[in-house]
Amino acid sequence: MSRRTSDALHHFRPSTRLTHLGRDTAAQHGFVNPPIYRGSTVLFDSMDDLLNDRAEFTYGLLGNPSTAALQDAWSDLAGAAGTILAPSGLMAITTALLAVLQAGDHLLVTDSVYGPTRSFCDKMLKRFGVETTYYDPRVGTGINELIRPNTRAVFLESPGSLTFEIQDVPAITEIAHAHGAAVILDNTWATPLLFDAHGHGVDIVVEAGTKYLSGASDLLFGLASATEKYWPALRSTHLALGSTVGPEDVFLCLRGLRTMLLRLRESERQALDMAHWLAQRPEVAQVLHPALEQHPDHTLWQRDYTGSSGLFSIILQPAPQHAVAAMLDGLQLFGMGYSWGGFESLVTPIDPGAIRTATSWQANGPALRFYIGLEDTQDLKDDLDAGFARLRTAQTAP
Ligand SMILES: Cc1ncc(COP(=O)(O)O)c(C=O)c1O
């Protein structure tokens, strides 16, 4: 099956498309996976070809067969006109913002946004004359009141980083479009497999490929896909920034793509099992997982999403920091680290209130973010069970 015949794959279901997209076995001498193309220089056959850019690939920075294979596959999966590849999720986010903004513009960003996205808006975009206003992730149609004549873009992340609010993407998108503003969404948690962002009206969709596309915590990667209308701006901004990706990382992402749905589904199943178990624990005040019925945005999640992934948070009953440290420091299976989406389960203490400006974080107890990987959930529960025992002991110690 050739990658050039990806149209022919369109009627297949996602898992079938994931196995066939971005491969051209005829051009690969029959080998199943595309080779890794390394290189900067591309030779032209004639001066005429060179002067007229008459070649599929002209310069390493502008792409090669490896990058084209992943771009085509991702565009197909996301239902986009085109996709850019970036060396990190953050770079995909910043490229998307730079593609639609200019000096004098106003930008609306969800208060639940990934911290470094907020830093880019507050530090870099501000320096270049773009003003950012943060909004309550549960604003819904109330976004209308925040739009100004110079609002050029609305940046959503759903669910929110750390706090997992689900946004009303179709409502926000409809209002933003009525005012001529572009809508950008960080869809890393769901991937195109669990939320069809372009299908819900989003103009540019960002994915940190570092997480589920890699699936192995062994690389950093970003993708941003755009509709027909925004693809020229996204592509030209990407080229102007000269931000390119290494072909080995592209190869690993293409490899990750084949099993992404499988890993996501398993991560979903395991995370739901753990979330339900945590919800029953006396040490836990609240579980912030949108697929749980008690989550305030559960109905929105059910309406728009086809599944959930492995990342969620909990709020503990009030406990001093040294008791939480006793719990976390002694865990045998859960790693303590930030980047999620791999095979290993993780837990990190979080303080969502520290960076919020439009909303306040109402929680009496400390909060933890969990990522559930592929270990046996009984082993994970045993590990946490022992952790909760340490928490209780440290709390009652004089
Ligand atoms: C929701 C979300 N978006 C974007 C990023 C940024 O990805 P990267 O680490 O590849 O820059 C992260 C990283 O944790 C994330 O959680």
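Going letter by letter, the sequence shown gives residues -7 to 390 in the working numbering. Beta carbons are placed, not taken as given, at the ideal position from N, Cα and C, and that holds for glycine. Remember, predicted model here, so these are calculated numbers, not experimental data.
- Not one heavy atom of ligand 1 sits closer than 7 angstroms to the Cβ of Gly248.
- Boundaries of the beta strand (DSSP E) harbouring Glu123: Glu123 to Tyr127, taken from the DSSP string.
- Taking the CA atoms as reference points, Ala200 sits about 28 angstroms from Asp321.
- Taking the Cα positions, Glu240 is about 25 angstroms away from Ala73.
- Within 7 angstroms of the C-beta of Ser153 there is at least one heavy atom belonging to ligand 1.
- When distances are taken from the beta-carbon of Thr236 to the heavy atoms of ligand 1, even the shortest one reaches 7 angstroms or more.
- Residues Phe36 and Asp40 of the same chain have their beta carbon placed closer than 8 angstroms to that of Arg46, with the five preceding and five following residues left out of the count.
- Ser305 sits in a strand when the DSSP states are folded into three classes.
- Proximity of the beta carbon of Trp66 to ligand 1 is not indicated: no heavy atom of the ligand is located closer than 7 angstroms.
- Secondary structure at Pro27: coil, using DSSP grouped into helix, strand and coil.
- Looking at the DSSP output, Asp178 sits in a beta bridge with Glu149 and Val198.
- Gly214 and Pro79 do touch by the CB rule: their CB atoms are close to 7 angstroms apart, below 8 angstroms.
- Distance from the CA atom of Ala389 to the CA atom of His314, rounded to whole angstroms, is 11 angstroms.
- Inclusion of Pro344 and Trp353 in the CB contact set at 8 angstroms is warranted, their separation being smaller than that value.
- Nearest C-alpha to Ala189 among Val92, Val161 and Ala170: Val161.
- When the alpha-carbon of Val146 is set against those of Met266, Glu157, His169 and His2, the nearest one is in His169.
- Here His98 is bridged, per DSSP, to Glu123 and Thr143.
- Cβ atoms of Val92 and Ala225 come within 8 angstroms of each other, at about 6 angstroms.
- Sequence-distant partners of Leu212 (beyond 5 residues in either direction) whose C-beta falls short of 7 angstroms from its own C-beta, in its chain, are Pro79, Ser80 and Thr202.
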